[in-house]
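Residue numbers (the working numbering), protein chains in the order written: chain A, 18 to 388; chain B, 18 to 454. From the three backbone atoms N, C-alpha and C, an ideal C-beta is built for every residue, glycine too. Shown next, in structure tokens, is the structure this report addresses.
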Amino acid sequence: MNKRLLLTLAFAAGVGSMIGILNPNPVEARIKLATLPDREAVVVRFDNPNVVMVEEERTISLQKGVNNVDFSWAGTNIDKGSIIFRPADPAAKVEILSTSYPPGEAALTWQIAATEPASIKFRLSYLMANIQRETDYRMLVSKDEQTCTFKHYFKIRNWSGGRFATADFVTRDGKKFEKGLENGEAKRVMVNSWDKVKLTKEYVYDITRNYEGKVMTDYVLKNAKDIGLGAIPLEYGKVRIYQDDGNGTTAFTGEDWGRFTPIGDDMRLNIGIAQDIKIEMKKMTNDVQNRRGNVYDTDEVDEYEIKNFKDNESVVTLVLRVDGEWEMKNDSANFESFERIDNETIKFKVKAPAKGTPIKLKFHYQRKNVW
Amino acid sequence: MRTTLAILILVLASAPLCAKEELVTLPQRDSVQLTIYNSADLTLVRERRTLSFKAGDNRLQFSWANTLIDPTSVDFQAVGEAARAALDVADTSYPAESHEMLIWTIRAKSAGSHVVEISYFTSGISWGAEYTGMVNTSEDVMHLTGFVTVTNNSGEDYEDASVRLVVGTIHMVERIVDLAQPKSREKIPPTEAPDMDELRKMERQFPAEKGAGGGAGGMVRRKDIEKGTLSEYYIYAVEGQETIPTGWSKRLQSFSIAGVPLKTVYRLEPAKFGPSFTKVLEFKNDEEHKLGKEPLPDGLIRLYRDQGQGRLGFMGALASKYIPKKEEVKINVGPDAECTLAIKRISLKKKDLGFRNNWLVGWTMVEEFEMEVKNFRSRAVDIEIHRTMQGDFDFESAEKFEIHDATTRKVVFTLDANASRKLRYTVTTRQGENARK
Numbered sequence: 018m019n020k021r022l023l024l025t026l027a028f029a030a031g032v033g034s035m036i037g038i039l040n041p042n043p044v045e046a047r048i049k050l051a052t053l054p055d056r057e058a059v060v061v062r063f064d065n066p067n068v069v070m071v072e073e074e075r076t077i078s079l080q081k082g083v084n085n086v087d088f089s090w091a092g093t094n095i096d097k098g099s100i101i102f103r104p105a106d107p108a109a110k111v112e113i114l115s116t117s118y119p120p121g122e123a124a125l126t127w128q129i130a131a132t133e134p135a136s137i138k139f140r141l142s143y144l145m146a147n148i149q150r151e152t153d154y155r156m157l158v159s160k161d162e163q164t165c166t167f168k169h170y171f172k173i174r175n176w177s178g179g180r181f182a183t184a185d186f187v188t189r190d191g192k193k194f195e196k197g198l199e200n201g202e203a204k205r206v207m208v209n210s211w212d213k214v215k216l217t218k219e220y221v222y223d224i225t226r227n228y229e230g231k232v233m234t235d236y237v238l239k240n241a242k243d244i245g246l247g248a249i250p251l252e253y254g255k256v257r258i259y260q261d262d263g264n265g266t267t268a269f270t271g272e273d274w275g276r277f278t279p280i281g282d283d284m285r286l287n288i289g290i291a292q293d294i295k296i297e298m299k300k301m302t303n304d305v306q307n308r309r310g311n312v313y314d315t316d317e318v319d320e321y322e323i324k325n326f327k328d329n330e331s332v333v334t335l336v337l338r339v340d341g342e343w344e345m346k347n348d349s350a351n352f353e354s355f356e357r358i359d360n361e362t363i364k365f366k367v368k369a370p371a372k373g374t375p376i377k378l379k380f381h382y383q384r385k386n387v388w
Numbered sequence: 018m019r020t021t022l023a024i025l026i027l028v029l030a031s032a033p034l035c036a037k038e039e040l041v042t043l044p045q046r047d048s049v050q051l052t053i054y055n056s057a058d059l060t061l062v063r064e065r066r067t068l069s070f071k072a073g074d075n076r077l078q079f080s081w082a083n084t085l086i087d088p089t090s091v092d093f094q095a096v097g098e099a100a101r102a103a104l105d106v107a108d109t110s111y112p113a114e115s116h117e118m119l120i121w122t123i124r125a126k127s128a129g130s131h132v133v134e135i136s137y138f139t140s141g142i143s144w145g146a147e148y149t150g151m152v153n154t155s156e157d158v159m160h161l162t163g164f165v166t167v168t169n170n171s172g173e174d175y176e177d178a179s180v181r182l183v184v185g186t187i188h189m190v191e192r193i194v195d196l197a198q199p200k201s202r203e204k205i206p207p208t209e210a211p212d213m214d215e216l217r218k219m220e221r222q223f224p225a226e227k228g229a230g231g232g233a234g235g236m237v238r239r240k241d242i243e244k245g246t247l248s249e250y251y252i253y254a255v256e257g258q259e260t261i262p263t264g265w266s267k268r269l270q271s272f273s274i275a276g277v278p279l280k281t282v283y284r285l286e287p288a289k290f291g292p293s294f295t296k297v298l299e300f301k302n303d304e305e306h307k308l309g310k311e312p313l314p315d316g317l318i319r320l321y322r323d324q325g326q327g328r329l330g331f332m333g334a335l336a337s338k339y340i341p342k343k344e345e346v347k348i349n350v351g352p353d354a355e356c357t358l359a360i361k362r363i364s365l366k367k368k369d370l371g372f373r374n375n376w377l378v379g380w381t382m383v384e385e386f387e388m389e390v391k392n393f394r395s396r397a398v399d400i401e402i403h404r405t406m407q408g409d410f411d412f413e414s415a416e417k418f419e420i421h422d423a424t425t426r427k428v429v430f431t432l433d434a435n436a437s438r439k440l441r442y443t444v445t446t447r448q449g450e451n452a453r454k
């Protein structure tokens with residue numbers, strides 16, 4: 018009944034000293050006659066945004082009766098409580114009786130009962146700290162800025178203390194790639210590439226994004242099938258943007274952080290300042306009206322003079338904010354369209370003529386019940 | 018010998034207490050039972066030993082050096098009618114030279130062997146529950162497995178002990194660990210580097226635990242954990258005996274139930290789940306959910322999702338409080354970027370301004386809000402959103418908002434796969450002298 022064969026599943030990370038028939042080191046002094054089943058089918062999963070889960074398979078030769086199997090992970094960052102150990106085939110005629118944790122060791126012992134001698138494949142899952150993941154993108158924009166090639170990279174850095182001779186790494190969107198990864202090593206892999214993705218270019222004035230009032234150039238990608246994306250939610254990550262210069266080479270035109278973009282949502286990327294578009298704001302009217310005790314209304318006109326020094330007409334988006342209770346007056350003028358985003362925010366689209374011909378957006382509004 | 022707890026029969030019974038040249042015998046434990054509480058650092062130990070007594074006074078020394086035993090709790094009982102009739106505790110002495118020793122004077126009517134029970138409280142042994150939920154791919158069914166882990170840091174090895182675990186909150190006026198170490202409030206004795214001979218012995222004994230009975234084909238089966246009730250408490254009795262050396266922990270499966278129905282609800286409910294719109298997995302500790310046979314003691318619940326072919330992905334964890342029978346369990350697995358909620362104020366108006374002496378003393382604010390829920394998942398999801406207002410307010414909406422409490426309104430609906438829905442509501446708040454309450 019009482020098998021003295023202790024099978025040791027050592028995590029393959031600097032734990033060689035722990036394994037042996039008799040280990041004289043008093044800290045790791047439990048007697049272990051060890052066989053070392055190889056790690057098979059190792060999978061490192063990044064499904065959860067905060068933790069990394071490792072799954073591996075080991076084929077263990079069991080004898081009839083009760084077998085003790087050791088698992089030790091000295092020098093690695095395994096969350097002890099998260100360890101799940103089970104036969105890969107749920108119908109296997111084995112039963113895990115108990116789990117014991119020795120004092121002062123990164124180790125445990127399973128008691129496994131088997132009806133007959135057999136080699137059984139077990140699956141071992143655990144959460145592991147200090148495996149960092151990072152997503153980044155590379156965008157190659159066409160000369161006419163109508164389309165781009167969008168490449169998605171996944172980078173892993175392994176500080177866990179463990180090493181993976183070979184493993185399947187699975188990204189949050191289920192993309193799988195097989196690599197080896199040493200402790201301290203980082204690897205970056207291109208996991209997706211999409212060609213001819215349609216993009217929209219926008220010139221945006223928004224002093225909450227640029228307090229100097231400079232006009233920003235944004236590319237907007239909709240994560241949707243009809244523009245060539247939409248296959249997976251896009252993870253948060255840095256996007257480096259290059260443009261085809263028409264001479265067979267490319268130039269770097271900027272970078273931005275792309276926020277997590279579910280399917281159907283927009284990813285907005287600021288590539289820099291549009292130097293050829295200038296906007297100057299003046300307050301033309303600021304009158305108090307309708308005073309009642311300490312309460313009054315105001316009549317305000319803000320004028321935005323837009324000069325587009327490009328050779329082509331451009332549409333400029335102005336995102337403006339007014340606090341409190343207010344309404345826009347009908348004589349506001351010189352815009353193509355507007356949208357009240359929320360109570361405080363209004364967005365105008367203005368067509369700016371080419372070659373520096375100014376256009377003045379008149380934003381006339383009344384604040385009410387101010388005190 | 019690592020075990021520091023010893024019972025000695027002092028043969029030279031007439032020697033003065035301070036005499037050191039005592040010839041002693043060391044009776045072994047026949048059995049030991051541990052009743053471990055999880056709400057306090059407390060374990061009741063009952064051990065039985067067979068002792069030989071001579072007629073007249075017998076001195077019995079009980080010592081517990083380097084353990085965490087409460088000296089005030091140590092008790093001696095004869096077991097069985099005959100023993101009770103034959104033995105009498107004449108007195109109990111606490112020698113001045115040791116705070117970890119007592120001597121009973123047992124008066125025996127005649128010479129003979131008797132079984133006695135020594136019981137005491139010790140700290141340093143604890144148990145905790147943990148749960149693992151394996152959720153299927155469509156997140157509507159879970160396989161829930163419960164575990165109990167017993168940890169022994171008491172300084173004493175308990176071999177072949179029957180173990181009972183108490184679920185419930187007991188009232189204590191003093192901590193056992195303080196009673197065990199009244200002078201110096203020493204720390205729990207550190208686990209010393211193990212002695213090799215002792216370890217060899219432990220290795221030999223370790224698997225030889227009793228009680229896991231032979232099943233079909235001679236397979237040793239997993240031990241059952243019997244659940245019973247006692248007053249306000251539940252008692253989990255582990256089948257057979259366990260050996261838990263000091264410094265070790267041992268985890269045993271308490272139950273394993275497949276097919277527990279599970280519901281996924283996306284919730285904005287700041288009072289319970291914080292300020293974020295979050296994904297909550299829900300089930301109930303009742304028969305309908307294949308549970309409900311006993312309460313679930315507080316412990317960490319870890320959820321894993323089936324990724325196909327038996328592979329798992331980690332979903333999240335919840336440090337759960339005690340879950341009585343019939344109680345609902347809601348596990349917040351965190352915000353999910355694939356189901357989002359945005360709330361914005363789309364208009365603000367002030368009306369009914371009231372003045373006294375040309376000074377504003379009352380007004381009413383009318384605010385219109387728009388919530389947009391987007392479901393980027395390829396399956397329909399259940400949504401529950403709570404909105405809490407302050408002050409004297411009216412809440413109006415064409416949507417089916419319900420009153421949750423005096424200040425909170427909630428709306429519950431199902432959102433189709435890859436769909437979005439906008440809901441509007443208006444909050445009118447009377448301020449200053451306009452407020453009626």
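Query: Glu147/B classed as buried or exposed, judged by whether at least 16 other C-beta atoms fall within 10 angstroms; Result: buried
Query: Rounded separation between Pro314/B and Val184/B - CA only; Result: 6 Å
Query: Alpha-carbon spacing of Gly351/B relative to Met145/A, whole angstroms; Result: 19 Å
Query: Residue-chain proximity (Gly254/A, chain B), Cβ-Cβ < 8 Å; Result: no
Query: Sufficient close CB pairs (3 or more, under 8 Å) joining the segment 373-387 of chain B to the segment 435-453 of chain B; Result: yes
Query: Same chain, Cβ closer than 7 Å to Glu252/A, five either side skipped, listed in chain order; Result: Thr152, Arg189 and Phe277
Query: Length at least 3, wholly inside the segment 41-127 of chain B: the beta strand (DSSP E) runs in chain order; Result: 46-54, 60-70, 73-81, 92-95, 104-110 and 118-125
Query: Distance between Ala434/B and Gln140/B (C-alpha atoms, nearest Å); Result: One point to set straight first is that residue 140/B is Ser, not Gln, in the sequence displayed. Going from the Cα of Ser140/B to the Cα of Ala434/B covers about 54 Å.
Query: Cβ shell of Lys324/A (< 6 Å), same chain only, five flanking positions each side left out; Result: Lys295, Gly373 and Pro375
Query: Assigned exposure category for His188/B - 16 Cβ within 10 Å defines buried; Result: exposed
Query: Under 7 Å by beta carbon: chain B residues contacting Tyr118/A; Result: Trp265 and Ser266
Query: Gly73/B burial status per 10 Å Cβ neighbour count (16 or more: buried); Result: exposed
Query: Reduced DSSP secondary structure (H/G/I, E/B, other) of Val194/B; Result: helix
Query: CB contact flag (Asp314/A, Gln260/A, <8 Å); Result: no
Query: In DSSP terms, what Gln292/A is bridged to; Result: According to DSSP, Gln292/A bridges with nothing at all.
Query: Counted within 10 angstroms of its Cβ, other Cβ atoms place Tyr228/A as buried (16 or more) or exposed; Result: exposed
Query: Arg155/A at chain B interface by Cβ criterion, 8 Å; Result: no
Query: Listed by chain order, chain A residues near Ser364/B by CB distance under 7 Å; Result: Asn360
Query: Member of Ala254/B, Glu401/B and Gly257/B whose CA lies at the smallest distance from the CA of His421/B; Result: Glu401/B
Query: Within 9 Å of chain B by C-beta, residues of the segment 143-168 of chain A in sequence order; Result: Leu144
Query: Leu161/B versus Glu345/B - alpha carbon distance; Result: 15 Å
Query: Partner residues on chain B for Val68/A, Cβ-Cβ distance less than 8 Å; Result: Phe331
Query: Residue ranges of each beta strand (DSSP E) within the segment 264-349 of chain B, 3 or longer; Result: 266-278, 280-285, 295-301, 316-323 and 329-337
Query: Residues of its chain near Met151/B, where Cβ-Cβ distance is below 6 Å and the 5 sequence neighbours each way are ignored; Result: His160 and Tyr321
Query: Residue-level contact to chain B via CB, Leu114/A, 8 Å cutoff; Result: yes
Query: Chain A within 8 Å of Val237/B, Cβ atoms only; Result: yes
Query: Proximal chain A residues relative to Ala354/B, where beta-carbon distance stays under 7 Å; Result: Pro250, Phe277 and Pro279
Query: Cβ contact (3+ pairs, closer than 8 Å) linking the segment 207-216 of chain A and the segment 150-166 of chain A; Result: yes
Query: Whole-angstrom distance between Asp177/B and Asp92/B, CA atom to CA atom; Result: 21 Å
Query: Residue closest to Val297/B, alpha-carbon to alpha-carbon, out of Leu432/B, Glu304/B, Arg284/B and Gln50/B; Result: Arg284/B
Query: Beta-carbon neighbours of Phe393/B, restricted to chain A and to distances below 8 Å; Result: Pro250, Pro279, Ile280, Gly281 and Asp282
Query: DSSP-derived helix/strand/coil call for Asp243/A; Result: helix
Query: CB contact below 8 Å: Gly230/B versus chain A; Result: Low local confidence applies: a pLDDT of 48 at Gly230/B is under 50, so the model's placement there is unreliable, with the coordinate-based value given in what follows. No - not a single Cβ of chain A is within 8 Å of the one on Gly230/B.
Query: DSSP-derived helix/strand/coil call for Ser427/A; Result: Outside the shown range of chain A (18 to 388) lies residue 427/A, about which nothing can therefore be said.
Query: Own chain partners of Asp262/A with C-beta closer than 6 Å, once the 5 adjacent residues on each side are dropped; Result: Ala268
Query: Where Met156/A sits in the DSSP three-state scheme; Result: strand
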